[in-house]
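Undergrad: Numbering (the working numbering), first residue to last: 574 to 837. Backbone N, C-alpha and C fix where the C-beta goes; we use that ideal spot for every residue, glycine too. Given the structure is predicted, the values throughout are model-derived calculations rather than measurements.
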Amino acid sequence: MSHHFKETPHNAITESGIARVIPCKELDVGDPIKWLSLGLRDLMKAPMLTLFFGAIFTAIPWLITYFVAKTGWHLVIMPSIVCFMLIGPFLAAALYDISWEMEKGHKPTLRHAVKALKRNAVNEWGFGIMLMVLMIFWLRIASLIHALYPDYMGNNFEALLPFLVLGTIAGAAFTAIVFFISAFTQPILMERKVDLGTAVLTSVNAVWVNKVPMFIWACIIFFSVVVGFITGFIGFLFLMPLLGYATWHAYIDTIETKRERTYE
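This is the structure:
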């Protein structure tokens, strides 16, 4: 049995003729909540692996905070948050594998999860390099914004406001770009033997076609990151694995296949 690919007249990329993309389904606004529910189920089934990878995600913002404390450069906090969101999709590959293994009816293992990065190695590492380049580019922009801040001005809110607004706008723009290109790229590269360009443009296309559900999903991710920081990073122990598992289910829901998956 094969899926019937839905016609999507508002599909900007495929109509442009500039690239080949994997067709996507049209999502409902309630789908992000369903993904969270399925992710929570996976979290409960693999508590030790969840804690292991959650600890890694918790260590990253702790190191960022340590760097800020050492340098005294407090304006690095906002770009650091964006960097955290840039690197996250790449590091989450092992979490996708855990959910994938459970869908197959297998017992997930740390060894198998770590090996996930080798499944489509050239393109997966290419994706990681792409995220790193974007991160470096963002840090350069953040440094430029910081350099514009005159030393003679005080640290009161009114003096900082223009720079906070500028930094927030720039950070939001970069975060949106990264979300478009990374929402489904890593899961696509894990499951399918496709090139990086096809995976990235498929992700961009899927987000574009499903603007409202994916905006809700992006907000869930953003607020999860905020909660993680508010809780002194402890929340990341569970929130980041939960988002990783949920992202796998989002991918399964969103990106079409030519035939039904047969896991067993």
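Taking its Cβ as the centre, do 16 or more other Cβ atoms sit within 10 Å of H583, making it buried, or is it exposed?
TA: Summary for H583: the model assigns pLDDT 46, below 50, so the residue's position carries little reliability; its value from the coordinates is reported in the next sentence. Exposed.
Undergrad: Cutting at 7 angstroms between CB atoms, please list the residues of its own chain near A667, excluding the five before and the five after it.
TA: Correct list, in chain order: F626, A686, V687 and A689.
Undergrad: Between which residues of its own chain and R593 is the CB-CB distance below 7 angstroms, once the five residues before and five after are set aside?
TA: Here the set comprises T771.
Undergrad: Just confirm the distance between the C-beta atoms of V780 and E599, as a whole number of angstroms; I'd bet it's less than 8 angstroms.
TA: V780 to E599, Cβ: 12 angstroms. No contact.
Undergrad: For the putative contact between I761 and I825, defined by C-beta atoms under 8 angstroms, what is the C-beta separation to the nearest angstrom?
TA: Their Cβ separation, rounded to whole angstroms, is 11 angstroms, which puts I761 and I825 out of contact at 8 angstroms.
Undergrad: Given this structure, state the Cα-to-Cα distance separating R713 from L683, to the nearest angstrom.
TA: Spanning the two alpha carbons is a distance of roughly 36 angstroms.
Undergrad: Identify the residues that DSSP records as bridge partners of C792: which are they?
TA: None; C792 has no bridge partner.
Undergrad: If you draw a straight line from the alpha carbon of E833 to that of F752, how long is it in whole angstroms?
TA: Spanning the two alpha carbons is a distance of roughly 27 angstroms.
Undergrad: Quick check on this structure: which residue in V695, A628, L616 and K643 has the alpha carbon closest to the alpha carbon of W673?
TA: Checked all of V695, A628, L616 and K643; the closest Cα to W673 is L616.
Undergrad: Just how far apart, CA to CA, sit M703 and H719?
TA: If I take the Cα positions, the gap works out to 24 angstroms.
Undergrad: Pop quiz: G612 and L815 are said to be a contact at Cβ under 8 angstroms. What is the actual Cβ separation, rounded to whole angstroms?
TA: Confirmed, about 5 angstroms.
Undergrad: Could you pull out every residue in the same chain whose Cβ sits closer than 7 angstroms to the Cβ of I789, ignoring the five residues on either side in sequence?
TA: Once the five neighbours on either side are set aside, the close Cβ partners of I789 are V602 and P605.
Undergrad: In whole angstroms, give me the CA-to-CA distance for A696 and T758.
TA: According to the sequence as given, residue 696 is Asn; it is not Ala. Those two C-alpha atoms are separated by around 10 angstroms.
Undergrad: Are I595 and T775 closer than 8 angstroms when you measure CB to CB?
TA: In this structure, T775 lies closer than 8 angstroms to I595 by Cβ.
Undergrad: F700: which of V799, L739, A756 and K607 sits nearest, CA to CA?
TA: Closest option to F700, Cα to Cα, is A756.
Undergrad: My output table needs one value for I750: the three-state DSSP class, helix, strand or coil.
TA: It is helical.
Undergrad: Which residues in the same chain as I794 place their Cβ atom closer than 7 angstroms to its Cβ, once the five residues preceding and following it in sequence are excluded?
TA: Contacts found: L816.
Undergrad: Just confirm the distance between the C-beta atoms of L810 and V800, as a whole number of angstroms; I'd bet it's less than 8 angstroms.
TA: Not quite, the Cβ-Cβ distance comes to about 12 angstroms (not below 8 angstroms), so this is no contact.
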